[in-house]
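J.: Everything in the sequence shown is counted per my numbering, starting at 3 for the first residue and increasing by one. The C-beta atom is built at its ideal place from N, Cα and C for all residues, glycine as well. Right, I'll just put the structure down here and ask away after.
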Amino acid sequence: MEKRDMIYEGKAKKVYTTDDENLVIVSYKDDATAFNGLKKGTIAGKGVINNQMSNFLMQMLEKNGVPTHFVQELSERDTLVKKVKIVPLEVIIRNISAGSFSKRYGVEEGIVFDEPTIEFSYKNDELGDPLINEYHALALKLATKEEIETIKTYAFRVD
3 MEKRDMIYEG KAKKVYTTDD ENLVIVSYKD DATAFNGLKK GTIAGKGVIN NQMSNFLMQM
63 LEKNGVPTHF VQELSERDTL VKKVKIVPLE VIIRNISAGS FSKRYGVEEG IVFDEPTIEF
123 SYKNDELGDP LINEYHALAL KLATKEEIET IKTYAFRVD
């Protein structure tokens, strides 16, 4: 499978078309960013490590009944994946109070929750990836009700 046209370039990866319209190649870069891209640099070998970690995690998810887009590792930087519709949501499951959750709600870090919490953020660098709820996601047409329910089901399964 060979790389064709680049169809996306982000902070950490590039995505290329292939001769199969249902498959793309993800190529991981050595670029590093912080603070939503305000600070930039290069870390030699970062792309190789990100590719290995991503592929390991995708295969573990598959083994545990969570479908992924992973098809095959092609090289130390490149992976063949199924072409998918990106839902621009980040899903955060918390079992313990920490970080931004503790700061936002004024609670001490380290409190173990009786039930896990779920948060969504809108993946949009220009807006700073704001926290949103399910109704915002529906109103903004980021996902359908069915997609949100599927995302929640798999997120809690992974937890």
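Opposite S123 in the DSSP bridges: which residues?
T.: According to DSSP, S123 bridges with E92 and L133.
J.: Would you grab the beta carbon distance between V28 and V83 for me? Rounded to a whole angstrom, and I think it's under 8 Å.
T.: Their Cβ separation, rounded to whole angstroms, is 6 Å, which keeps V28 and V83 in contact under 8 Å.
J.: With distances taken between CB atoms, is the gap from I113 to I95 smaller than 8 Å?
T.: The answer is no: Cβ separation not under 8 Å.
J.: With a CB to CB cut of under 8 Å and the five nearest residues on each side skipped, what residues in its chain are close to G47?
T.: Excluding sequence neighbours, G47 sits near D32.
J.: Note down, in chain order, each residue of its chain lying with its Cβ closer than 7 Å to the Cβ of T70, except the 5 sequence neighbours on either side.
T.: M60, L63 and E64
J.: Sort out for me which residues DSSP pairs G112 with in a bridge.
T.: None; G112 has no bridge partner.
J.: Cutting at 8 Å between CB atoms, please list the residues of its own chain near G67, excluding the five before and the five after it.
T.: Same-chain partners within the cutoff: R159.
J.: Alpha carbons only, please: which of D131, L91, R6 and A34 is nearest the one belonging to T44?
T.: That would be A34, whose Cα lies nearest to the Cα of T44.
J.: Between I153 and V93, is the Cβ-Cβ spacing less than 8 Å?
T.: yes
J.: Within the continuous beta strand (DSSP E) that includes V44, where are the two ends?
T.: Correcting the residue type first, residue 44 is Thr in the shown sequence and not Val. Run containing T44: K41 to T44, per the beta strand (DSSP E) assignment.
J.: Secondary structure at E78, three-state DSSP: helix, strand or coil?
T.: coil
J.: Three-state secondary structure (DSSP) at L25?
T.: strand
J.: With distance defined between alpha-carbon atoms, name the residue in S123, E151, L129 and E128 nearest to H138.
T.: Among S123, E151, L129 and E128, the Cα nearest to that of H138 is on S123.
J.: Go ahead and pull the three-state DSSP assignment for E128.
T.: helix
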